[in-house]
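Student: Read left to right, the sequence shown gives residues 2 to 251 (my numbering).
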Amino acid sequence: MLVSPSHGGNVGAAARAMRVMGLRRLALVAPRFPGIAAHPEALAFASGATEVLAQAAEHASLDEALADVHLAVAVSADTREFSAAPVPPWEACAQVLAELRADAALQVALVFGTERTGLSIAQVQRCGLVTAIPGEADYHSLNLAQAVQVICWELRRALLAAEPAPAAAEPDAGPPATLAQLERFHEHFEQALVAVGFLDPAAPKKLLPRMRRLFARARPRAEEVDLLRGLCKQMLLAAQGRLPGRPPRG
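1) For a test of the three-state rule: what should DSSP assign to G119, helix, strand or coil?
2) Taking its Cβ as the centre, do 16 or more other Cβ atoms sit within 10 Å of L52, making it buried, or is it exposed?
3) Helix, strand or coil: which one does DSSP assign to R157?
4) Nearest CA to the CA of P87: which residue from A66, G129, G198?
5) Enumerate in chain order the residues of its own chain whose CB-to-CB distance from A239 is below 6 Å, with the five nearest sequence positions on each side excluded.
6) Nearest-angstrom Cα distance between L208 and W91?
7) Quick one: residues in its chain with C-beta nearer than 6 Å to the C-beta of G9, no 5 flanking neighbours on either side, listed in chain order?
8) Can you check whether the CB of V149 is closer than 8 Å to the CB of A110?
9) Please report the distance separating the alpha-carbon of L215 from that of E225.
10) Sort A223, E155, L143 by Cα distance to M19 and report the nearest one.
11) DSSP three-state label for Q241, please.
12) To which residues of the same chain is T179 closer than 7 Å at the C-beta, ignoring the five residues directly before and after it?
13) Going by DSSP, what residues sit across from L3 in a beta bridge?
14) Can you tell me whether G242 is buried or exposed? The criterion is at least 16 other CB atoms within 10 Å of its CB, across all chains shown.
15) From L183, M2, F46, pick the residue whose C-alpha is nearest to that of R25; which is it?
16) Mapping the DSSP letters down to three states, classify V12 as helix, strand or coil.
17) How close, in whole Å, do the beta carbons of C233 and A193 come, if the pair is a contact with beta carbons under 8 Å?
18) Which full runs of the alpha helix (DSSP H) of 4+ residues lie inside the segment 49-91, going along the chain?
19) Once you ignore the five residues that flank L160 on each side, which residues in its own chain have a CB closer than 7 Å to its CB?
20) Under DSSP, the alpha helix (DSSP H) around L44 begins and ends at which residues?
21) According to DSSP, P177 sits in a beta bridge with which residue or residues?
22) Hey, how far is the Cα of E116 from the Cα of S5?
23) Between A55, L237, A58, R102, which has its C-alpha nearest V197's C-alpha?
24) At what residues does the beta strand (DSSP E) containing V131 begin and finish?
25) Would you say A95 and I134 are within 8 Å of each other, going by their C-beta atoms?
Quick look at the structure:
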């Protein structure tokens, strides 16, 4: 998933890197101009990986692109304080592969930022896992397509070295929550925390990013998110004095 790519050549080179490593699903989020995957420069740099470009999906926003995704991995060299602590690419890819082997229906996205500025803090926070390619401290910036190549290779390497698949997840566990479902929960949860006085919206500090990381690690199922939202609803009703069987406040 490439966020706001601006150069057709980078899109084409990324498609080539993906295809060589056996990956074919490319998503483009708010590219600099529509149809960037069909630009002559993209086709030239793809060097034959034209089917990846032809099937590339375009999305207007990252939220839209991640709506049906269960696990998103942000690829960023930026380790700003509101970002989850990054893990090395080989660890991130091993985790992705383990998740996929436990649940083949899982939708995973590798998210790369724009060429000039990378991913924003807010975009990184939308992802449950952050990885950074370890380079020289004073010169660690890679071209977008180069970064895609490194991560795709690490995923391929993890696949080649994989052990026999673990036992499947328990059949009654239900599907994992999508990022769209988790985002709606986070909004509901924030409202509930404000209502009960646990969160000051004027000075939230680091509470909400920390809670996001907690739930990203927990990887809740859709049914569990529904349960948590039921809890949020009761918190809001309690704060408003509207719990069943109790007289309203005031």
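No residue lacks a Cβ here, since even glycine has one placed at the ideal position from N, Cα and C.
Tutor: The structure says:
1) In the sequence shown, residue 119 corresponds to position 118, counting from 1. Looking at G119 - three-state DSSP - the assignment turns out to be strand.
2) The residue you call residue 52 lines up with position 51 of the sequence shown. Note that residue 52 corresponds to Glu in the displayed sequence, not to Leu. Looking at its Cβ environment, which holds fewer than 16 other Cβ atoms inside 10 Å, E52 is exposed.
3) Sequence index remark: in the sequence shown, residue 157 carries index 156 (1-based). Residue state, collapsed to three classes: helix.
4) Here residue 87 refers to the residue found at position 86 of the sequence shown. Residue G129 is the option with its Cα nearest to P87.
5) Taking the first residue of the sequence shown as position 1, residue 239 is located at position 238. Correct list: empty, nothing qualifies.
6) Residue numbering aside, residue 208 sits at position 207 when the sequence shown is read from its first letter. Residue numbering aside, residue 91 sits at position 90 when the sequence shown is read from its first letter. Distance from the CA of L208 to the CA of W91, rounded to the nearest whole angstrom, comes to 29 Å.
7) Residue numbering aside, residue 9 sits at position 8 when the sequence shown is read from its first letter. For G9, where only same-chain residues beyond five positions count, the Cβ hits under 6 Å are I37, H40, E42, A43.
8) By 1-based counting over the sequence shown, the position of residue 110 is 109. By 1-based counting over the sequence shown, the position of residue 149 is 148. Going by C-beta atoms, A110 is not nearer than 8 Å to V149.
9) As a first step, residue 215 must be located in the sequence shown, where it is residue number 214. As a first step, residue 225 must be located in the sequence shown, where it is residue number 224. Taking the straight line joining both Cα atoms gives about 14 Å.
10) By one-based count along the sequence shown, residue 19 stands at place 18. If we check each option's Cα against that of M19, E155 comes out closest.
11) Numbered from 1 along the sequence shown, position 240 holds the residue referred to as residue 241. Q241: coil per DSSP, three-state reduction.
12) On the sequence shown, residue 179 is found 178 positions in, with the first residue counted as 1. Hits under 7 Å: A68, D69, V70, H71.
13) By 1-based counting over the sequence shown, the position of residue 3 is 2. Paired residue(s): L29, F113.
14) Start at 1 with the first residue of the sequence shown, and residue 242 comes out as number 241. So G242 counts as exposed.
15) For the purposes of this step, residue 25 is identified with residue 24 of the sequence shown, where counting begins at 1. Considering only L183, M2, F46, the residue with the shortest C-alpha distance to R25 is M2.
16) Within the sequence shown, residue 12 is the residue found at index 11, counting from 1. If DSSP states are grouped into helix, strand and coil, V12 belongs with the helices.
17) Numbered from 1 along the sequence shown, position 232 holds the residue referred to as residue 233. Numbered from 1 along the sequence shown, position 192 holds the residue referred to as residue 193. That belief holds up - the Cβ atoms of C233 and A193 are roughly 4 Å apart, short of 8 Å.
18) With a minimum length of 4 residues, the continuous alpha helix (DSSP H) runs that stay inside the segment 49-91 are 51-55, 63-67.
19) Here residue 160 refers to the residue found at position 159 of the sequence shown. These residues qualify, in order along the chain: L98.
20) On the sequence shown, position 43 is the one that residue 44 refers to. Here the alpha helix (DSSP H) through L44 covers 41-47.
21) The residue you call residue 177 lines up with position 176 of the sequence shown. DSSP, once it has assigned bridges, lists R222 as partnering P177.
22) On the sequence shown, position 115 is the one that residue 116 refers to. On the sequence shown, position 4 is the one that residue 5 refers to. Distance between the alpha carbons of E116 and S5 is about 8 Å.
23) In the sequence shown, the residue the question calls residue 197 occupies position 196. Among A55, L237, A58, R102, the Cα nearest to that of V197 belongs to L237.
24) The residue given as residue 131 occupies position 130 in the sequence shown. Where V131 is concerned, the enclosing beta strand (DSSP E) stretches over 130-132.
25) For the purposes of this step, residue 95 is taken as the residue at position 94 of the sequence shown. For the purposes of this step, residue 134 is taken as the residue at position 133 of the sequence shown. The answer is no: Cβ separation not under 8 Å.
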